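K.L.:
There's a structure below that I have some questions on.
Number of protein chains: 2
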Amino acid sequence: MHSVAVASRSADPRDSRESRNGGPQLDAVSLAIIEQLQEDGRRPYAAIGKAVGLSEAAVRQRVQKLLDQGVMQIVAVTDPLTVGFRRQAMVGINVEGDVESVADALTAMSECEYVVMTAGSFDLMVEIVCEDDDHLLDVINKRIRAVPGVRSTESFVYLKLKKQTYMWGTR
Amino acid sequence: MHSVAVASRSADPRDSRESRNGGPQLDAVSLAIIEQLQEDGRRPYAAIGKAVGLSEAAVRQRVQKLLDQGVMQIVAVTDPLTVGFRRQAMVGINVEGDVESVADALTAMSECEYVVMTAGSFDLMVEIVCEDDDHLLDVINKRIRAVPGVRSTESFVYLKLKKQTYMWGTR
DNA sequence: CTCTCGATTGCGAAATCCGCAGGGTTTGTG
DNA sequence: CACAAACCCTGCGGATTTCGCAATCGAGAG
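Chains as they are written, first to last, in the numbering used here: chain P, 458 to 628; chain Y, 458 to 628.
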């Protein structure tokens, strides 16, 4: 049991990627584990272990670590329309002054589902999820534009969501 | 299995009134179950049952049904930057002719993580995930602009992802 | 070589998952 | 009203999985 099984895994922990921001580096095995859990977040550890060539306990430890480190999270994702949120929009925002402080303010708003700092003709892009038109109007015109530093906004109301995947790292 | 938004709904014979896009009506209990799984996708059925006032078996059956119906899926989600995709961008697209056919073409591209038809100064917004700058350039200038009907594109390269939640229905 | 540290393994015990049978409740029909 | 069918829930074993822990392995550092 000790003699074989080693030939396969050559975990290559050194610079697969290390360049920036506190990202803990992931080896090929952790990537494979994530891939398994992207297919089914409830897949048993033993099944994952069989797929990636690790024992059940080792998989469990690595998964726990990935969760603790915030590298991934295992959650239920839904189609907003089926849970009562009928209006969504992407909002492009231009900022004067500190972009990050504006981003933090938007992050604190529960309707803001997704906040990203960008390069281009917008400084920030924010996805917002609302229950109806009134709610959407209120969030955009009253709440977002009230944030200090927000110079202008442009809204793109969702008409139809065509694709939404969670297969990052799976290609 | 890749798309949430357009997940097929099982022909539900007795659909009294699920007007349009909406799927099956979710009662308060199913919503509470989803909420539990949005906090932790691996939470045991018994614990969920205790939280929502149902037996373990009942929770299990409801969860299975929600998964089968495509109302939700339980998956691992990651920050693409930490799993080796260093360049992301939101791309706004203007289309001449049929928007939906363009959307379908983009949906077929694996680099397109998110495709949505919008109202506003863009007809489509697409989030793309790439490994590096070359890859990003190739996708935008060669692949997306080559799609028939694409009139123009505007890119917003991601600098920093500030927020990414999956708490729909939790408010 | 020796020691340390992190990752992995093996293994029981406890908890969880799973399928199935049974019992209410509601709906539709004769 | 009676009856059947469809649904949803509960309870209960048995199989499976999770969990915690001690022992082992491997790569460095001293």
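The C-beta atom is built at its ideal place from N, Cα and C for all residues, glycine as well. A quick note: this is a predicted structure, and the numbers were derived from the prediction, not measured.
#1: Determine, using beta carbons only, whether I550(Y) and L523(Y) come nearer to each other than 7 Å.
#2: Step through the CB atoms of chain P and report whether any lies within less than 7 Å of the CB of L616(Y).
#3: Rounded to whole angstroms, what's the CA-CA distance from H592(Y) to G510(Y)? Just pull it up for me.
#4: Give a yes or no on whether 7 Å exceeds the smallest Cβ distance from S476(Y) to chain P.
#5: Could you spell out where the beta strand (DSSP E) holding I585(Y) opens and where it closes?
#6: May I ask you to list the residues that DSSP assigns as paired with L618(P)?
#7: Just to make sure I have the definition right: I need the residues of chain Y whose C-beta is within less than 8 Å of the C-beta of T610(P). Which are they?
#8: Pairing CB atoms from the region 562–573 of chain P with CB atoms from the region 610–624 of chain Y, are three or more of them under 8 Å?
#9: From I491(Y) to R543(P), what distance separates their C-alpha atoms?
#10: For the beta strand (DSSP E) containing Q530(P), list its first residue and its last residue.
#11: Going along the chain, which residues of its own chain have a beta-carbon closer than 7 Å to the beta-carbon of R519(Y), five neighbours each way excluded?
#12: Just to confirm, is the Cβ distance from S612(Y) to A562(Y) under 7 Å?
#13: Which residue or residues does DSSP assign as beta-bridge partners of T610(Y)?
#14: Just the Cα atoms here: how many angstroms apart are G577(P) and V614(Y)?
#15: What does the alpha-carbon distance come out to for the pair V596(Y) and A603(Y)?
#16: Using the C-alpha atoms, what's the distance from V534(Y) back to Q526(P)?
#17: From what residue to what residue does the alpha helix (DSSP H) around E568(P) run?
#18: Considering only the beta carbon of each residue, do Q493(Y) and I505(Y) sit closer than 7 Å?
#19: Examine chain Y for any beta-carbon lying closer than 7 Å to the beta-carbon of L594(P), and answer yes or no.
#20: Against S558(Y), what residues of chain P qualify as contacts under a CB-to-CB distance less than 8 Å, listed in chain order?
#21: Using a beta-carbon distance below 7 Å, is Y571(P) in contact with chain Y?
P.N.:
Taking the structure as given:
#1: In this structure, I550(Y) keeps its C-beta atom at 7 Å or more from the C-beta atom of L523(Y).
#2: Answer yes: the Cβ-Cβ gap between L616(Y) and chain P drops below 7 Å somewhere.
#3: Looking at the two C-alpha atoms, the distance is approximately 50 Å.
#4: For S476(Y), the pLDDT reaches just 39, beneath the cut-off of 50, and the residue's location in the model is therefore unreliable, leaving the point undetermined.
#5: Counting along the chain, the unbroken beta strand (DSSP E) around I585(Y) starts and ends at 581–587.
#6: Bridge partners of L618(P): V573(Y).
#7: Taking the beta carbon of T610(P) as reference, no residue of chain Y falls within 8 Å; the closest one sits roughly 11 Å away.
#8: Yes: at least three Cβ pairs fall under 8 Å.
#9: If you draw a straight line from the Cα of I491(Y) to the Cα of R543(P), it is about 18 Å long.
#10: Annotation: the continuous beta strand (DSSP E) that includes Q530(P) extends over 529–535.
#11: Same-chain partners within the cutoff: S487, I490.
#12: Contact: no.
#13: Assignment of beta-bridge partners to T610(Y) by DSSP yields I550(Y).
#14: Taking the straight line from one Cα to the other gives about 7 Å.
#15: Those two C-alpha atoms are separated by around 10 Å.
#16: Distance between Q526(P) and V534(Y), taken at the CA atoms: about 13 Å.
#17: For E568(P), there is no enclosing alpha helix (DSSP H), as DSSP marks it with neither H nor E.
#18: Yes. Within cutoff.
#19: Under the 7 Å criterion on CB atoms, L594(P) is classed as non-interfacial with respect to chain Y.
#20: By Cβ distance, chain P contributes nothing, its closest Cβ being about 11 Å from S558(Y), past 8 Å.
#21: By this cut-off, Y571(P) is an interface position.
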